Structures are given as structure tokens and as C-alpha cells.
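Residue numbers (the working numbering): 2 to 240.
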Amino acid sequence: MKVMLMDPPGFMGHPIGRILGSFGTNKADQAWPPYDLQIMAGYCRKNGHDFRLLDANNLKLSYEDVFNEIKIYSPDWVIYLTCFPNFILDAQTASAAKRADRNIKTACMSLSIYSVQSPEVQLSKLPDLDFIAWGEPEVPLMQLINGLEPQKVKGIYYRDADGRINFTGESQKAVNLDDLGVPVHSVLPVNIYKCPVSLSRPMTIVNCSRGCTNWCVHCQAGAFQRPIRYRSVDNVLEE
């Protein structure tokens, strides 16, 4: 399968921080890579799927640019990052994919997806979006990419042939993060990333764990990403 992974365009030319909770990826003089997509790219590579990772957010592309990039790559799947404040606008990515080819399957993912209110209602309003990955997204999305029937995949909202919205139940969290492969860096334009406390470029980020033990009121990680899990030393060194 050919999978296009995308951090969608920002809002009015300004990039949006869709991942990493209260850290975010874009604010002030900070522009970090879309690490959740890098993990998904590594999982695609491990499963033998061709992929393209497009950071339309930090590249400040328009949705017309996104449409053109999808036409050029001609993927089987378009999977994009989203977040609660920009959920409806991000769905323009799915519309761009369907405009390029109605046969493209579309899905959105976010580790903070639980903040999206009434996902079944949201999906019913977005006819170009086929799937919402609910919870940790990698395993259910890979099962779909590998051809498993939607009703057999835990952790998704989807629309059946009769137009009904279905939820398949909570998916099991990834216990061994090494099973997801090694996050991919080489396909990103690393020179555009920056951090206000780092004077040198290129820069990137490496995340050695998932989850949190804290209960910060401004962040969902403590509530929805427990327990904390760690990658192995060898896996991190390989990255």
C-alpha cells in the first residue's frame, strides 16, 4: 500500500501545534517536526508499506498545494494529524484526498483525540473522512492498511455501507513501543525545524517513552496515556 502521512496546513498561514500536549510543536520561535507521524512512518516501513510524510504545517502549504501533492503521489491512504481546536478545518485534508481520487481511504489520528466531542456526530458531518482512530492510533490504522475489515479493528469510528457510524470499542494500547519500529527522520526537511533554546540547526526531537505519571490540568497525557511505557535503549539508539 501507498500511505501519505500529513500534518495539515495551519490556520491563516500560521502553523499549529497538533501534538505533544502542552509542549506543542509550534509557538513563538519554535517549529518541531510532527513526531507522531514519524512514528507512524516507521511502523509503515516495518510493515513493508510505501509512504510519504508531508509536513504541510511547517512548510506553510495551502490546501491546494496539498491536493496537488496527493495527486502526484497517488496514495491508497491519506492519514493526517488533527487536534480538537482545528478538527473541522483539518478535515479539508480528507476532502483534498477525495477530490484527487474518490478511492483514497482517509483517516485522522491524534493522541489527544479524546478531546473531540461526539466523534460519531463529527464523522457524520464529514463525508470525506472515512475513519477516526480513537485512542493510540498506530495499531488500528495499520490493521486497516493491512486489509482487516473495519468491524474487526478495535479503536476506530467508521461509516458502514449503509452510512451508519459505528464505534468498534477501545483499542489496546501499545505495550511494547519497539513493536512500532523506528521513527523516521530522513524524509523530513530538517533544516526548517528550530527551537528557541537551540542555536544550531538542523534540529529534531526524539521521544523515548509514551505516557505520563502527572495530572497537569492543562494536558491530557496524565489522564489518557497511562501507563508510562519506555522504548528500549537499542531502539532509541537505532533512531
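Every residue, glycine too, gets a C-beta built ideally from N, C-alpha and C.
None of the values given here were measured: they were computed from a predicted structure.
The beta carbons of P184 and I73 sit no closer together than 8 Å.
Exclusion of the five residues before and after V154 leaves P141, Q144, L145 and T169 as the residues of its chain whose Cβ lies within less than 7 Å of its Cβ. The way I'd put it, the segment 146–165 doesn't touch the segment 62–69; fewer than three beta-carbon pairs between them come closer than 8 Å. Of R53, F68 and D37, the smallest CA-CA separation from K3 is found for R53. Bounds of the beta strand (DSSP E) holding A134 are F132 to A134. By the beta-carbon neighbour count (other beta carbons within 10 angstroms, threshold 16), Q173 is exposed. Per DSSP, reduced to three states, the secondary structure at D56 is strand. The three-state reading of DSSP puts S96 in helix, counting H, G and I together. For the set Y81, L124, N69 and L181, the Cα lying nearest the Cα of A101 is the one of N69. When the five nearest sequence neighbours on each side are left out, the beta carbons in the same chain lying within less than 8 Å of the beta carbon of A42 are those of L6, F52, L54, P184, V185 and V188, in order along the chain.
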